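Numbering (this note's numbering), first residue to last: 2 to 343. Just so it is clear, CB atoms sit at the ideal spot from N, CA and C, and this is done for glycine as well. Predicted model, so just to flag it, every value in this text is computed and none were measured.
Here it is as C-alpha cells:
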C-alpha cells in the first residue's frame with residue numbers, strides 16, 4: 002500500500018488528501034489542525050473562501066482555478082452541510098478591461114453589468130455564479146469526512162522536511178503555505194506573508210460584491226446572516242493587531258460601494274460580530290508544484306497560491322496527483338554491479 006504524508010492541514014492539504022486514491026495510506030501532519038481553537042498561526046480559517054478569477058494568471062494557473070471552481074460548483078449541491086453554497090458574484094473592476102478577464106464567458110451566468118448596476122464612478126463590472134463557504138464549519142467537516150475514509154491526522158511542529166523521514170512514507174507532500182519560507186531545508190524566500198484585515202458583521206445582503214480598484218473592497222455574505230467586509234493586502238506584514246484606522250476605512254468604502262445595504266459609514270451603525278486579522282501566503286513567481294528527491298525522501302511541493310488557497314484547491318490537488326502518479330510509476334533503477342562491490 003502506498004503511504005503518503007502531507008505536511009499542512011489547510012485547504013491545500015485537505016484537498017490533496019481527498020483527491021488521493023482511497024487505497025492509499027494517508028497521514029496529514031501539522032502544527033494546527035481543523036477543529037482547533039482560533040489561531041492566527043495559519044491562514045485557512047481566516048480566508049474569504051470564495052471563487053474569483055485571479056488577475057494576470059498564467060495559463061496553468063487559469064486551468065487550476067477553473068478545475069477547482071468546477072469541483073466546488075458540484076460540491077455545493079452534493080454536500081450542503083459542509084457550508085459550501087452557490088452565490089452570485091458582482092465583480093467590479095476599475096483598471097481591468099474586458100479582454101483581460103481570462104475567465105469571461107467560462108463562468109455560469111457570466112454577463113457584463115449595465116451602467117445602472119454599477120457605482121456611479123465605476124467604469125466596468127461583470128457578474129457570474131460563484132461559491133462561498135464558512136471555514137469554521139467546512140474545515141472540521143472536511144477533517145471528519147477524511148478521517149471516516151481512513152486519513153490520519155497527527156499534530157507535530159515540523160522545522161524541516163527531514164524531520165519526517167521516520168514516517169515511513171513513499172511520498173511526502175509539502176503543503177505548508179508560508180511555512181515553506183521557514184522550513185530549514187526549503188527556505189523558499191519567494192514565499193511572503195500578506196496581512197489581511199476584515200470585519201464580520203450581521204447583514205441580509207446576499208451577493209458577493211468585490212471592487213478591484215485603487216482600494217480592494219469586498220462584501221462576502223456567508224449565507225447565515227453574516228458577511229465578511231474588507232479589505233486590504235499588506236505585503237510583508239504579519240502584524241496581528243487590529244488597525245483601527247483601517248477598520249474605519251473599510252466601513253467607509255463598503256458604505257460608498259453598497260449604500261443601500263449599508264446606509265451609514267459610522268462603525269457604530271454596523272452590527273459587528275468580530276474583527277479578523279489573517280496572514281495569507283503568497284509566492285513571488287507563482288505556485289510551486291514540483292517534485293524532488295532529498296534526504297532519501299520523494300517530495301512533492303504544493304504551495305504558494307496567490308492569496309487564494311480555496312480558489313486553487315482542487316485544481317492544485319489535481320496537478321499534485323499527476324506528480325504522485327509519476328513517482329508511483331517510476332521504474333526501479335538497478336544498481337550497477339561495480340557500484341555494488343564498492
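So what does DSSP say about residue i, is it helix, strand or coil?
{"i": "residue 20", "result": "helix"}
{"i": "residue 208", "result": "coil"}
{"i": "residue 98", "result": "coil"}
{"i": "residue 164", "result": "helix"}
{"i": "residue 299", "result": "strand"}
{"i": "residue 13", "result": "helix"}
{"i": "residue 90", "result": "strand"}
{"i": "residue 149", "result": "helix"}
{"i": "residue 6", "result": "strand"}
{"i": "residue 51", "result": "strand"}
{"i": "residue 179", "result": "helix"}
{"i": "residue 268", "result": "helix"}
{"i": "residue 222", "result": "strand"}
{"i": "residue 42", "result": "coil"}
{"i": "residue 343", "result": "Confidence at residue 343 is low in this model, with a pLDDT of 45, below 50, so the placement of that residue should be treated as unreliable; the coordinate-derived value is given next. Of the three classes helix, strand and coil, the one that applies to residue 343 here is coil, per DSSP."}
{"i": "residue 293", "result": "strand"}
{"i": "residue 105", "result": "coil"}
Just tell me which of the options has its CA closest to the CA of residue i.
{"i": "residue 161", "options": "320, 24, 177", "result": "177"}
{"i": "residue 141", "options": "118, 195, 88, 83", "result": "83"}
{"i": "residue 294", "options": "45, 123, 64, 186", "result": "186"}
{"i": "residue 53", "options": "119, 107, 131", "result": "131"}
{"i": "residue 310", "options": "301, 300, 261, 284", "result": "284"}
{"i": "residue 218", "options": "139, 225, 209", "result": "209"}
{"i": "residue 38", "options": "136, 235, 323", "result": "136"}
{"i": "residue 92", "options": "290, 164, 296, 125", "result": "125"}
{"i": "residue 127", "options": "241, 255, 116", "result": "116"}
{"i": "residue 313", "options": "68, 49, 60", "result": "68"}
{"i": "residue 61", "options": "73, 316, 303", "result": "316"}
{"i": "residue 326", "options": "265, 221, 173, 71", "result": "173"}
{"i": "residue 32", "options": "159, 245, 220", "result": "159"}
{"i": "residue 59", "options": "102, 3, 24, 220", "result": "102"}
{"i": "residue 72", "options": "108, 138, 288, 303", "result": "108"}
{"i": "residue 215", "options": "166, 99, 149, 123", "result": "123"}
{"i": "residue 234", "options": "199, 268, 220", "result": "199"}
{"i": "residue 353", "options": "175, 23, 2", "result": "Residue 353 cannot be examined here, being either before or after the span of the chain that is shown, 2 to 343."}
{"i": "residue 70", "options": "260, 100, 104", "result": "104"}
{"i": "residue 191", "options": "304, 25, 157", "result": "304"}
What residue range does the beta strand (DSSP E) around residue i cover?
{"i": "residue 175", "result": "172–175"}
{"i": "residue 156", "result": "153–156"}
{"i": "residue 131", "result": "126–133"}
{"i": "residue 229", "result": "227–231"}
{"i": "residue 120", "result": "Taken as a continuous stretch (DSSP letters only), residue 120 belongs to no beta strand (DSSP E), as it is neither H nor E."}
{"i": "residue 30", "result": "26–31"}
Tell me which residue opens and which closes the alpha helix (DSSP H) that residue i is part of.
{"i": "residue 256", "result": "245–258"}
{"i": "residue 62", "result": "60–79"}
{"i": "residue 192", "result": "Residue 192 -> not in any alpha helix (DSSP H); beta strand (DSSP E) instead, spanning 192–203."}
{"i": "residue 278", "result": "Unbroken run through residue 278 is the beta strand (DSSP E), 273–284; no alpha helix (DSSP H)."}
{"i": "residue 314", "result": "310–329"}
Going by the CB atoms, is the gap between residue j and residue i shorter than 7 Å?
{"i": "residue 227", "j": "residue 247", "result": "no"}
{"i": "residue 110", "j": "residue 80", "result": "no"}
{"i": "residue 211", "j": "residue 230", "result": "no"}
{"i": "residue 27", "j": "residue 51", "result": "no"}
{"i": "residue 286", "j": "residue 120", "result": "no"}
{"i": "residue 45", "j": "residue 7", "result": "no"}
{"i": "residue 306", "j": "residue 20", "result": "no"}
{"i": "residue 239", "j": "residue 147", "result": "no"}
{"i": "residue 171", "j": "residue 182", "result": "no"}
{"i": "residue 163", "j": "residue 270", "result": "no"}
{"i": "residue 249", "j": "residue 193", "result": "no"}
{"i": "residue 281", "j": "residue 94", "result": "no"}
{"i": "residue 292", "j": "residue 301", "result": "yes"}
{"i": "residue 331", "j": "residue 290", "result": "no"}
{"i": "residue 241", "j": "residue 41", "result": "yes"}
{"i": "residue 244", "j": "residue 222", "result": "no"}
{"i": "residue 266", "j": "residue 253", "result": "yes"}
{"i": "residue 195", "j": "residue 308", "result": "yes"}
{"i": "residue 10", "j": "residue 34", "result": "yes"}
{"i": "residue 328", "j": "residue 299", "result": "yes"}
{"i": "residue 179", "j": "residue 134", "result": "no"}
To the nearest whole angstrom, what separates the beta carbons of residue i and residue j, a pair I think is in contact under 8 Å?
{"i": "residue 155", "j": "residue 30", "result": "5 Å"}
{"i": "residue 232", "j": "residue 197", "result": "6 Å"}
{"i": "residue 77", "j": "residue 87", "result": "5 Å"}
{"i": "residue 144", "j": "residue 36", "result": "6 Å"}
{"i": "residue 97", "j": "residue 56", "result": "6 Å"}
Just checking residue i against the ligand NAP - is the residue's beta carbon closer than 6 Å to any of the ligand's heavy atoms?
{"i": "residue 55", "result": "Among the ligands in the structure shown, none appear at all, so the ligand NAP cannot be discussed."}
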